[in-house]
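From first to last, the protein sequence lines stand for chains X and L. To convert, count from 1 in the first sequence and add 844; that's our numbering. To convert, count from 1 in the second sequence and add 280; that's our numbering. Every residue gets a Cβ at the ideal spot worked out from N, C-alpha and C, and that includes glycine. The structure presented is a predicted model; accordingly, all values stated were derived computationally and were not measured.
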Amino acid sequence: MSVTNEQVRHIAKLARIAMSDEEIERLAPELNNILGWVEQLGEVNTDGVEPLTAVIDQKLRLRDDVVNDGNIRDEILANAPDAQHGFFAVPKVIE
Amino acid sequence: MTELTTKTIAELRDGLRGREFTAREVAEAYNEAVSGAKALNAYTVETPTDALAAADTADAARASGDLPSLAGIPLGIKDLFATAGVDTTAGSHILKGFKPPYESTVTANLRKAGAGMLGKLNMDEFAMGSSNETSTYGPVISPWRRKGSNVGLTPGGSSGGSAAAVAALIAPGATGTDTGGSIRQPAAFVGICGIKPTYGRCSRWGIVSFASSLDQAGPMARTVRDCAILLEAMAGFDPKDSTSLDLPVPQWEANLSSNLAGKRVGIPKEYRIDGVPAEINALWDQGIEWLKDAGATPVEISLPHTKYALPTYYIIAPAEASSNLARYDGVRYGLRVEGVKTLDDMYSATRADGFGAEVKRRIMIGTYVLSAGFYDAYFTKAQKVRTLIKQDFAKAFEQCDVILTPTAPSAAFGIGETTDPLAMYLNDVFAVPASLAGLPAMSVPGGLDGQGLPLGLHLIGNELDEQTVLNAGLAIEERAGFTARPEKWW
């Protein structure tokens, strides 16, 4: 499988990375090179093999369903590029 | 006081207790060495007052005689660890100015053990790289040079700042992280030790995420003993990390022993690959002899899926990265590009400006292999091959107790010499399989090559068996007698 410029543009859109046509054209062969290389996994017979989900066998723990932090609004907002009235502010999304 | 910077962490610890010098003298010696080594570009932030404060606490506590294990030891911290109030940027422009209001569990553990911080260490952007060239701060320059040359070399990556700092005596030890070799390859390139423990030993909480099923923190230091000391302080169960292992931390230092009688050392035949310099294979053979001399028995083993480890890694790691890095949206922290109209454009413009070329490449690969229609062909397939790689190791450890290989397929290369992404990825050909299997693995210096550059030997242990890895490392260290240090040019 190889990706077209159009597919690369679509992936960039999914990944929310703005890219010029020039960048798309440069990236497409690079991605195809890498994808072509990883496709050698097709040689491996994986019939009946379960995909690995936990690298070291362990049970996922559950914690008690109680609030264990909170009241740290200002700390959470401290690094925001734009915080207003105790909220994260973003460009207007509705007219 | 420059001689203080040549001491190991064990020597500093014992000297402080024996009142040979004060912790303040140690911190001052290191602070001076750090500020005099800017040409290496190893530190992104220097925190001399932090190191001095920890030193003063240690000196005051000496009166009571009850010192924690790392009292007054100043350390370098990779920029991937969240440090409260101190810039934490993962080597990326997109996290510019980010000052976490919290401390990572690993660095909090080190602080609890009495350690101070010399500063934050440069690294490949989001730990994606094998040469430290993808950092927004520019590459770290290795303190090592080829004989008779002044060409700038890479210290490896992604923990390149950590490696360079420890080798250049501007930190006695440092934290690193290893997703696919990022502790071990740079340790090999600069002639120091570095261990990645079993996945889950060190909490990932507060470490900027790259590929969560692979990321593990570990120490980098000048000796095997120092690695054991640091790892004991860094490791431990943390309820804040869902994959943290709920197990007691072994006494790795107290149990260090280079007597390997009864131990079997696996030599995987698939690691004899084309294109590896003869010197590296010769060092590998020498390593086998050293371990035999320590009482171990070499056995040939087979890890049949070795050649598929790198392609598996380059599906799984970018997939996880593309998901983890979705959080950098210009809303909550770091960079925001202004002057665009819509929210969606703000995300795209911020991420276009904030991420470097390698990070974008991996996000794109990751997004593609997880996208509708391709998920099973790439991601699920890779997770199945990962199961087979894990099974290879499980079978191998029925026949042996520890595995010996070279750490990297070459010595350090020049900055700018490797431009093809695939060629760069091949640096981790020996390191990645253990990462995919979550196994403890360590690099120890074995010797110098013909150009006068360090080469490392790589030990892989069974899960939870860091002790055998450290012990085999100690056996190599004692026999290799590696004392070479880079000549100071900075």
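- Check the Cα spacing between residue 770 (chain L) and each of L:449, L:333 and L:327: the tightest is with L:449.
- Between residue 732 (chain L) and residue 426 (chain L), the beta carbon gap of about 6 angstroms places them in contact (Cβ cut-off 8 angstroms).
- Residue burial annotation: residue 619 (chain L) is exposed, with fewer than 16 other C-beta atoms found within 10 angstroms of its C-beta.
- Of the residues assessed, residue 652 (chain L) falls on the exposed side of the cut-off, its CB having fewer than 16 other CB atoms within 10 angstroms.
- Neighbourhood of residue 632 (chain L) in chain X, by CB distance below 8 angstroms: 861, 862 and 863, in chain order.
- By the CB criterion at 9 angstroms, residue 471 (chain L) and residue 764 (chain L) fall inside the cutoff.
- When secondary structure is reduced to three states using DSSP, residue 904 (chain X) falls in the coil class, being assigned neither helix nor strand.
- Taking 8 angstroms as the upper bound on Cβ-Cβ separation, chain X lies near residues 657, 658, 660, 661, 662, 663, 664, 665, 666, 667, 668 and 670 of the segment 655-673 of chain L.
- For the options L:590, L:515, L:368 and L:588, the alpha carbon positioned closest to that of residue 417 (chain L) is the one of L:368.
- Scanning its chain for C-beta atoms nearer than 6 angstroms, with the 5 sequence neighbours on each side dropped, one finds around residue 484 (chain L) the residues 495 and 521, in chain order.
- Three or more beta-carbon pairs drawn from the segment 410-424 of chain L and the segment 688-707 of chain L are found closer than 8 angstroms, and the two stretches are therefore classed as touching.
- DSSP places residue 544 (chain L) in the uninterrupted beta strand (DSSP E) bounded by 544-548.
- In chain L, no part has a C-beta under 8 angstroms from the C-beta of residue 915 (chain X); the shortest such distance is about 13 angstroms.
- At a cut-off of 9 angstroms, the C-beta of residue 926 (chain X) has a neighbouring C-beta in chain L.
- Taken through DSSP and simplified to helix, strand or coil, residue 725 (chain L) comes out as strand.
- The segment 528-546 of chain L makes contact with the segment 753-761 of chain L, as at least three CB pairs between them are under 8 angstroms.
- Between residue 924 (chain X) and the set L:305, L:317, L:607 and L:355, the nearest pair of CA atoms involves L:607.
- Counting only Cβ-Cβ distances below 8 angstroms, residue 585 (chain L) has contacts in chain X at 888, in chain order.
- At a cut-off of 9 angstroms, the C-beta of residue 743 (chain L) has a neighbouring C-beta in chain X.
- With a threshold of 16 other beta carbon atoms within 10 Å, residue 740 (chain L) meets it and is buried.
- Look at residue 490 (chain L): its C-beta is not under 9 angstroms from any C-beta on chain X.
- The beta carbon of residue 935 (chain X) falls within 9 angstroms of a beta carbon belonging to chain L, placing the residue at that interface.
- Using a CB distance below 8 angstroms, the part of the segment 608-638 of chain L facing chain X consists of 609, 610, 611, 612, 613, 614, 615, 616, 620, 621, 622, 623, 624, 625, 626, 627, 628, 629, 631, 632 and 635, ordered along the chain.
- For residue 717 (chain L), at least one C-beta of chain X is nearer than 9 angstroms to its own C-beta.
- For chain X, the residues of the segment 459-491 of chain L that bring a beta carbon within less than 8 angstroms of one of its beta carbons are 478, 479 and 480, in chain order.
- When rounded, the separation of the alpha-carbon atoms in residue 482 (chain L) and residue 850 (chain X) is 42 angstroms.
- In the DSSP assignment, residue 283 (chain L) falls outside any alpha helix (DSSP H) and carries neither an H nor an E.
- Under the three-state reduction of DSSP, residue 318 (chain L) is assigned to helix.
- Every alpha helix (DSSP H) of 4 residues or more that sits fully in the segment 441-520 of chain L is shown, in chain order, as 464-470 and 504-514.
- Listed in chain order, the non-local C-beta contacts of residue 654 (chain L) below 7 angstroms within the same chain comprise 648, local neighbours out to five positions each way being set aside.
- Around residue 491 (chain L), the same chain offers 459, 597, 600 and 601 as residues with beta carbons nearer than 6 angstroms, after the five sequence neighbours per side are excluded.
- The C-beta separation of residue 722 (chain L) from residue 750 (chain L) comes to about 7 angstroms, placing the pair in contact by the 8 angstroms criterion.
- Taking a cut-off of 8 angstroms for Cβ pairs, the segment 568-588 of chain L and the segment 892-905 of chain X do not touch, as fewer than three such pairs fall below it.
- Residue-level contact by beta carbon fails for residue 498 (chain L) and chain X, as no gap is shorter than 9 angstroms.
- When Cβ-Cβ separations below 9 angstroms define contact, residue 427 (chain L) makes no contact with chain X.
- Under the DSSP definition of a beta bridge, residue 357 (chain L) partners with L:400.
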